[in-house]
Amino acid sequence: MAATPKPAEQRAITDRLMDLSGGSYTPEQRRKYYISGPQWAGAYEGQALFHAPTREPIGFEEVIRHLGELGIRCWSTHDSDVIDTDDLLTDRQWETVARINAALEKNGVQCSMVTCETFFHPVFAASAAAEAPEVRDYAARRLENTVDIGHELGASFAVYWPGTLGYMVQGAIDETQTLRWFADGLNAACRRDLQVAAEKGRPALKHCLEAKPFEPQAQIILPTSDAMLAFISSGLLEHPEMVGLNPEYLHELMWGGATRAVIARALLCKKLFHFDINDGYPLKHDVDLGIGVVNPLDWLNVLVLLRSHGYEGPFNLDFKPPRTTSNYGVWKVSFPTAVDRFITLWNIAGEVMEDPVMQEATAALAAGGGGSGNVDDIVRANRELLTLHELVAHRLFQLLVGQHRGRVFGS
Ligand code: GCO
Ligand code: MN
Ligand code: MN
6 MAATPKPAEQ
16 RAITDRLMDL
26 SGGSYTPEQR
36 RKYYISGPQW
46 AGAYEGQALF
56 HAPTREPIGF
66 EEVIRHLGEL
76 GIRCWSTHDS
86 DVIDTDDLLT
96 DRQWETVARI
106 NAALEKNGVQ
116 CSMVTCETFF
126 HPVFAASAAA
136 EAPEVRDYAA
146 RRLENTVDIG
156 HELGASFAVY
166 WPGTLGYMVQ
176 GAIDETQTLR
186 WFADGLNAAC
196 RRDLQVAAEK
206 GRPALKHCLE
216 AKPFEPQAQI
226 ILPTSDAMLA
236 FISSGLLEHP
246 EMVGLNPEYL
256 HELMWGGATR
266 AVIARALLCK
276 KLFHFDINDG
286 YPLKHDVDLG
296 IGVVNPLDWL
306 NVLVLLRSHG
316 YEGPFNLDFK
326 PPRTTSNYGV
336 WKVSFPTAVD
346 RFITLWNIAG
356 EVMEDPVMQE
366 ATAALAAGGG
376 GSGNVDDIVR
386 ANRELLTLHE
396 LVAHRLFQLL
406 VGQHRGRVFG
416 S
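Position in the sequence shown (first residue = 1) + 5 = our numbering.
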């Protein structure tokens with residue numbers, strides 16, 4: 006049995022086993038990818054309804070410094086992650102924004118995305134599109150202000166996660182009215198964006214809606230990416246061309262969807278602006294694990310689709326380091342390994358696209374087996390060909406574990 010390591014020796018075990026695991030990318034290699042690390046992921050203390058925090062609080066200076074050291078090119082944040090709600094909409098917020106810009110510059114990190122927190126503070130108990138007009142006015146000011154902050158930080162994207170746009174019990178609100186009010190908020194943000202972008206000579210932000218089917222509300226009015234696509238084209242938005250999606254991998258599994266198919270629908274609508282990457286289990290709550298620790302094969306398939314359609318938007322590491330991980334472990338293990346699994350899967354996706362077995366199988370399927378037009382004849386002509394579906398699934402497994410490179414396992 007291993008000797009009990011003293012607390013002072015435990016980091017050395019993590020360090021040694023990380024070295025022994027090998028396979029890490031260098032910061033320079035990681036910086037080639039458009040990856041962002043959220044403030045709220047790095048600073049997450051492990052708390053939840055049934056969970057006390059397990060980690061110490063850390064601020065944006067520390068998060069940004071670690072991202073820079075690891076080679077994670079971008080940083081993203083909620084307004085209230087870095088500025089107290091009481092300081093938002095006051096001159097005091099600009100002092101913090103200046104400090105953030107200094108930290109970004111010092112560490113060679115860019116701010117890619119800002120998001121307005123409209124779910125945590127008690128003012129949003131009945132959502133940002135609540136019945137009370139003063140709540141909606143306040144929400145609009147916060148949304149406009151987040152646009153201002155985004156431009157000041159050099160961001161290109163704004164994300165909206167309407168997690169409180171829903172209810173625990175039905176009957177008090179008219180959902181059609183709630184959706185109109187929700188659109189009013191987005192319209193205010195887009196109007197402000199066009200004005201600030203013109204004043205600053207910057208491109209307008211890309212405004213991205215992020216769906217999650219439940220949690221924190223039992224029922225969400227826009228629960229899926231598809232619901233959001235319908236909302237974008239509902240006629241309620243003044244600038245639907247400025248608004249697209251930020252799907253989150255796990256949020257689509259949570260309702261039982263195939264994330265790859267969700268991504269395909271967003272791509273067809275030209276609305277895949279931004280992508281939150283993480284992992285977890287179908288039909289469960291939002292565990293936000295690091296990419297690839299649960300569903301590496303599914304992830305490989307998602308990345309093949311994205312690569313083959315030339316997706317160039319950001320990959321936002323919207324995961325939560327498990328509460329069993331220490332503050333040290335967050336930067337030694339959680340972030341670098343999440344990035345490195347992404348890069349590895351991205352590269353395997355490239356190998357899938359070039360694999361001769363995959364190419365020949367998919368080409369043969371697409372050519373079809375012919376047949377005269379008579380139904381029985383068509384079935385007969387295609388019967389052998391359709392076995393290739395399962396062969397492709399096996400080939401993807403082989404590509405995932407490296408058998409295409411001659412790797413063998415036992416005998
Ligand atoms: C979640 C959500 C959030 C959002 C974030 C951006 O997992 O519940 O993904 O993390 O991405 O709030 O607004
Ligand atoms: Mn999530
Ligand atoms: Mn997310």
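Ideal Cβ positions, reconstructed from N, Cα and C, are used throughout, including at glycine.
> Hey, quick one: how far does the beta strand (DSSP E) through L250 stretch, first residue to last?
Replying inline: Run containing L250: 248-250, per the beta strand (DSSP E) assignment.
>> Can you tell me whether Y165 is buried or exposed? The criterion is at least 16 other CB atoms within 10 Å of its CB, across all chains shown.
In response: It counts as buried.
> P43 bridges to which residues according to DSSP?
Replying inline: P43 has S81 as its beta-bridge partners, per DSSP.
> Which value, in whole angstroms, describes the spacing of the CA atoms of T82 and S416?
Replying inline: Rounded to the nearest angstrom, the two C-alpha atoms are 50 Å apart.
> Is L273 near ligand 2, with its Cβ less than 6 Å from a heavy atom?
Replying inline: No.
> Where does V152 sit, in a helix, a strand or coil, going by DSSP?
Replying inline: If DSSP states are grouped into helix, strand and coil, V152 belongs with the helices.
> Could you give the distance in angstroms between the alpha-carbon of L311 and the alpha-carbon of E14?
Replying inline: For L311 and E14, the distance between alpha carbons rounds to 43 Å.
> Using CA coordinates, which residue listed in A202, P252, L214, A137 is at the minimum distance from T183?
Replying inline: Here the closest residue by C-alpha is A137.
>> Contact defined as beta carbons within less than 8 Å: I believe L250 pairs with L277. What is the distance between those atoms, to the nearest angstrom?
In response: Indeed they touch by this definition, with Cβ atoms about 6 Å apart.
> Is there at least one non-hydrogen atom of ligand 2 closer than 6 Å to the beta-carbon of E215?
Replying inline: The answer is no for E215.
> Could you give the C-beta distance for L404 and D360, rounded to a whole number, given that I count them as a contact under 8 Å?
Replying inline: Contact between L404 and D360 is confirmed by a C-beta separation of about 6 Å, below the 8 Å threshold.
> In this structure, does DSSP put H256 in helix, strand or coil?
Replying inline: For H256, the secondary structure class from DSSP, reduced to helix, strand or coil, is helix.
>> Can you give me the C-alpha to C-alpha distance between L210 and Q115, rounded to a whole angstrom?
In response: Approximately 15 Å, taken between the alpha carbons.
>> Let me check you understand the geometry: is the CB of D293 closer than 6 Å to at least one non-hydrogen atom of ligand 2?
In response: Indeed, a heavy atom of ligand 2 lies less than 6 Å from the Cβ.
> Under the three-state reduction of DSSP, which class applies to M363: helix, strand or coil?
Replying inline: M363 falls in the helix class under three-state DSSP.
> Just reading off the alpha helix (DSSP H) that L93 is part of, what are its end residues?
Replying inline: Neither: L93 is in no alpha helix (DSSP H) and is coded neither H nor E.
> In three-state terms, what does DSSP make of H56?
Replying inline: Annotated three-state conformation of H56 is strand, per DSSP.
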